[in-house]
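Numbering (our numbering), first residue to last: 7 to 146.
Take a look at the structure set out below.
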Ligand code: IDP
Ligand code: MG
């Protein structure tokens, strides 16, 4: 097993309902460490750039509108197998399919407003971290 870094976003539905502490507690309990964290209001351009891989999907415009509907918390998480571990802790994209105890099962409102983003591969994690954080903002 290797120590990895993954990229996380606490989405606007989570900040709106004041759930950032509860979600952070859950991911810390899993062994992940928050090694960088910044609360921001994303711009449309930033949201579209971040989700560019989904540009052709029917939900792209709604997703970008949702992601700029309120503040988000950008995070870098570190730990053993951090990418896969965080995907496990998050649960399935659609909360209706998420396993009991996962963040999305406990907190998500819908398939779109599903409380958290997590990178789906080590390569994408590196790309997404670099999109929002500089090296000196990450303190492991
Ligand atoms: P993931 O966040 O579990 O990796 P992706 O397929 O990468 O899921 O989708 C990115 C985000 O787009 C999801 O987290 C969710 O907010 C939104 N999304 C995905 N599928 C749908 C859908 O069918 N309708 C509305 N929004 C969706
Ligand atoms: Mg994804």
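Each residue gets a CB set at the ideal place from its N, CA and C atoms; glycine is no exception.
- What does a CB cutoff of less than 7 Å around residue 69 pick up in its chain, not counting 5 residues either side in sequence? Taking the chain shown and counting its residues from 1, the one referred to as residue 69 is at position 63. Residues of the same chain with a CB within less than 7 Å of the CB of residue 69, apart from the 5 flanking positions on each side, are 57, 60 and 118 in chain order.
- Roughly how far, in whole angstroms, is the beta-carbon of residue 15 from the beta-carbon of residue 122, given that I think they are within contact range, below 8 Å? Residue mapping note: residue 15 aligns to position 9 of the chain shown, counting from 1. Residue mapping note: residue 122 aligns to position 116 of the chain shown, counting from 1. That pair is a contact at about 7 Å.
- residue 79: first and last residue of the uninterrupted beta strand (DSSP E) it sits in: Residue numbering aside, residue 79 sits at position 73 when the chain shown is read from its first letter. Here the beta strand (DSSP E) through residue 79 covers 78-86.
- Task: Answer yes or no: the CB of residue 129 versus the heavy atoms of the ligand IDP, is any distance below 7 Å?
- Result: Residue mapping note: residue 129 aligns to position 123 of the chain shown, counting from 1. Answer for residue 129: no, Cβ out of range of the ligand IDP.
- Query: Can residue 126 be considered in contact with the ligand MG, in the sense that its beta carbon sits closer than 7 Å to one or more heavy atoms?
  - Reply: On the chain shown, position 120 is the one that residue 126 refers to. With a threshold of 7 Å, the Cβ atom of residue 126 counts as near the ligand MG, since some heavy atom of the ligand is closer than that.
- Item | Residue burial classification, residue 127 (beta-carbon count within 10 angstroms, cutoff 16) | Translated into the one-based positions of the chain shown, residue 127 becomes position 121. That one is exposed.
- Entirely within the stretch 84-130 and at least 3 residues each: give me those beta strand (DSSP E) ranges in chain order. Qualifying beta strand (DSSP E) stretches, in chain order: 122-124.
- Same chain, Cβ closer than 6 Å to residue 51, five either side skipped, listed in chain order: Against the chain shown, residue 51 aligns to sequence position 45. If we look at residue 51 and ignore the five residues flanking it on each side, it has no Cβ neighbours.
- Message: Am I right that residue 79 and residue 139 are in contact with their C-beta atoms under 8 Å? What's the rounded C-beta distance?
- Response: Here residue 79 corresponds to residue number 73 of the chain shown, with the count starting at 1. Here residue 139 corresponds to residue number 133 of the chain shown, with the count starting at 1. Between residue 139 and residue 79 the Cβ distance is about 13 Å, and since that is not below 8 Å, they are no contact.
- Using a threshold of 7 Å, is the CB atom of residue 21 nearer than that to any non-hydrogen atom of the ligand IDP? Within the chain shown, numbered from 1, the residue matching residue 21 stands at position 15. No, the beta carbon of residue 21 sits no closer than 7 Å to any heavy atom of the ligand IDP.
- Message: Would you call the stretch 131-145 in contact with the stretch 7-14, where contact means no fewer than 3 C-beta pairs closer than 8 Å?
- Response: By the criterion of at least three beta-carbon pairs nearer than 8 Å, the stretch 131-145 is in contact with the stretch 7-14.
- Query: Taking the alpha carbon of residue 95 as the point to measure from, which residue in 76, 72 and 125 has its own alpha carbon closest?
  - Reply: By 1-based counting over the chain shown, the position of residue 95 is 89. Sorting 76, 72 and 125 by C-alpha distance to the C-alpha of residue 95 places 125 at the top.
- Message: Bridge partners for residue 12 per DSSP, in chain order?
- Response: Here the question's residue 12 lines up with position 6 in the chain shown. 83.
- Task: Drop a sphere of 10 angstroms on the beta-carbon of residue 113, count the other beta-carbons inside from all chains shown, and report buried for 16 or more, exposed for fewer.
- Result: Within the chain shown, numbered from 1, the residue matching residue 113 stands at position 107. Counting Cβ neighbours within 10 Å, residue 113 comes out buried, since at least 16 surround it.
- Query: When the distance is taken between beta carbons, is residue 86 closer than 8 Å to residue 146?
  - Reply: Taking the first residue of the chain shown as 1, we reach residue 146 at position 140. Taking the first residue of the chain shown as 1, we reach residue 86 at position 80. No; because the gap between Cβ atoms is not below 8 Å, this pair is not in contact.
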